[in-house]
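A.B. asks:
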Amino acid sequence: MLTWKDVINFSLKGNPRPDKRVEKTEAEWRAILSPEQFYVTRKKGTEPAHSGALCSAHEAGRYHCICCDSPLFDSTIKFESGTGWPSFTQPIKENAVKYERDTSFGMVRVEVMCNTCDAHLGHVFPDGPEPSGLRYCINSESLQLQKEKLTHE
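Note that the sequence shown covers residues 1 to 153 in UniProt numbering.
1) With C-beta atoms as the reference, is L72 less than 8 Å away from C117?
2) Quick one: grab the DSSP three-state call for D118.
3) From the DSSP output, in three-state form, read off D74 for me.
4) Suppose you measure from the CA of R109 to the CA of T103; what does that come to, to the nearest Å?
5) Assuming K78 contacts P91 (C-beta within less than 8 Å), just tell me the rounded distance between them.
6) What's the call for H50, buried or exposed, on a 16-neighbour Cβ count within 10 Å?
7) Considering only C-alpha positions, which residue in the set K98, I8, S140, C137 is nearest to D19?
8) According to DSSP, is T103 helix, strand or coil?
9) Based on DSSP bridge pairs, tell me the residues matched to L143.
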């Protein structure tokens, strides 16, 4: 389980290696993403609070990167933070996301990106629920929910 200390270490000393890399030109990203998705993921934008379709999603499944389809978060680690963005306590695996120090807007934060394609996802904060204490505050525009298929026995 990742902790705030791990997050800070990754942001300062380097991130885990991704399983694969996906790289495209700006024109290629624009061709496959909506204008809102492009703004958030490729230009490090932020959707307005409480505007994202996935804020109130509670279906079982996995949240994948909207850009490259890499699995990032699982529905079992999603929680209601009251912030207006989907929130998670952990990535689906240690090398799914990468971390960078973000000093924009006069604040010091830790930016979270897809480790496969560098899409901006949001930020992580040390004010989440136990046991990790982490809150990954993620833009809905950067995610797609792949719902679990129900099996009948």
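Glycine included, each C-beta is placed from N, C-alpha and C at the ideal position.
C.D. replies: Result, derived from the coordinates:
1) Result no, Cβ atoms of L72 and C117 do not sit closer than 8 Å.
2) Coil, per DSSP.
3) Of the three classes helix, strand and coil, the one that applies to D74 here is strand, per DSSP.
4) About 6 Å.
5) The C-beta distance from K78 to P91 rounds to 12 Å, too long to fall under 8 Å, and the pair is not in contact.
6) It counts as exposed.
7) Among K98, I8, S140, C137, the Cα nearest to that of D19 belongs to K98.
8) Note: T103 maps to coil in three-state DSSP.
9) C65.
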